[in-house]
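All remarks here apply to the structure that follows.
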Amino acid sequence: MDIKAYLLYEPGCEPRNMHIPCIRRGEDEGPYYTHEEEERLINKQFEESKGFDIDFKQFRYVFNYKPLDFDDDEMAIEPETTRELMDRLSRESLEKYNEKEATHYEFVKVTKANYYNSATAATVYFITYQGKAPSYDEPRDFRAKVVHNYHTPAKYISCEMKPCKNVHFIENAEKEDVKRTKIDKCDI
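Below is the structure:
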């Protein structure tokens, strides 16, 4: 269902009224990749993170995938703000997660979101947010992929706890019998 990233504008060729993500690398900042190289890089990041963790600071070109500016209300219809829209979509996805997994997580806050506009009037959001279980002190990161169109109910493609990173380390390297331990560590 997702489409590959593709070039929208080269640096300096964007429409005057276009909002350029403030985290984008400047035209005069290296390294200087071709748009094909940047396109490969953004698609690699998309595949590895399923669209949730794209480092837009690495790009000078503007692609169809963009980071969401929570203070730009272009994505919402008044009286709802973009931030309120992301909160609402996150809460609803967490409710679906709780029903499916028989858990009781409560929504805390949205931490980031990426998006692209589909060929229809819908927008596909990749939202990362925090939820907290009554039994845990620290909130956990969740990721929701949501197709949103104001004329139809939102379609929740996926909602999952952010996958844990596997961290490997070696204890007591000086000892003959080196112990190898694997720890599952989640980004909390």
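Each residue of the sequence shown is one higher than the last, beginning at 58 in this note's numbering. Each residue gets a CB set at the ideal place from its N, CA and C atoms; glycine is no exception.
If you follow the alpha helix (DSSP H) that residue i is in, where does it begin and where does it stop?
i, result
"T139", "139–158"
"Q102", "92–106"
Are the CB atoms of residue j and residue i within a distance shorter than 8 Å?
i, j, result
"H161", "Y182", "no"
"A201", "I184", "yes"
"C216", "Y154", "yes"
"R140", "F127", "yes"
"K219", "D198", "yes"
"S147", "F164", "yes"
"L125", "E96", "no"
"E86", "Y118", "no"
For residue i and residue j, I'd like the C-alpha separation in whole angstroms.
i, j, result
"V203", "Y172", "9 Å"
"T21", "D144", "There is simply no residue 21 to check, as the chain begins at 58 and stops at 245 in what is shown."
"I214", "E71", "31 Å"
"F116", "N100", "12 Å"
"H208", "L151", "22 Å"
"N174", "A62", "11 Å"
"L142", "E149", "11 Å"
"I135", "A190", "One point to set straight first is that residue 135 is Glu, not Ile, in the sequence displayed. For E135 and A190, the distance between alpha carbons rounds to 32 Å."
"M132", "Q187", "21 Å"
"E105", "C221", "14 Å"
"L98", "E156", "37 Å"
"T177", "D112", "26 Å"
"T88", "E158", "Note on identity: in this sequence residue 88 is Pro, with Thr being the wrong assignment. Between P88 and E158, the C-alpha separation is close to 45 Å."
"F109", "F103", "7 Å"
"R237", "P196", "Model confidence at R237 stands at a pLDDT of 38, short of 50, so the residue's coordinates are unreliable and nothing is read from them."
"T168", "E93", "30 Å"
"A179", "Y90", "31 Å"
"K166", "K107", "21 Å"
Hey, could you find the ends of the beta strand (DSSP E) residue i is sitting in?
i, result
"G29", "Here the chain comprises residues numbered 58 to 245, so residue 29 is not present and cannot be evaluated."
"T168", "163–174"
"D198", "197–206"
"C216", "209–218"
"E66", "Residue 66 is actually Tyr in this sequence, not Glu. Counting along the chain, the beta strand (DSSP E) containing Y66 begins and ends at 64–66."
"D177", "For clarity, residue 177 is Thr in the given sequence; the question names Asp instead. From DSSP, T177 is part of no beta strand (DSSP E); its letter is neither H nor E."
Looking at the C-beta of residue i, does it have a partner C-beta in chain B at a distance below 8 Å?
i, result
"M132", "This model lacks chain B altogether, as it is built from one protein chain only."
Go ahead and label residue i buried or exposed: buried means 16 or more other beta carbons lie within 10 angstroms of its beta carbon, across all protein chains shown.
i, result
"I60", "exposed"
"I170", "The question names Ile, but residue 170 is Ala in the sequence shown. Flag for A170 reads buried."
"D129", "exposed"
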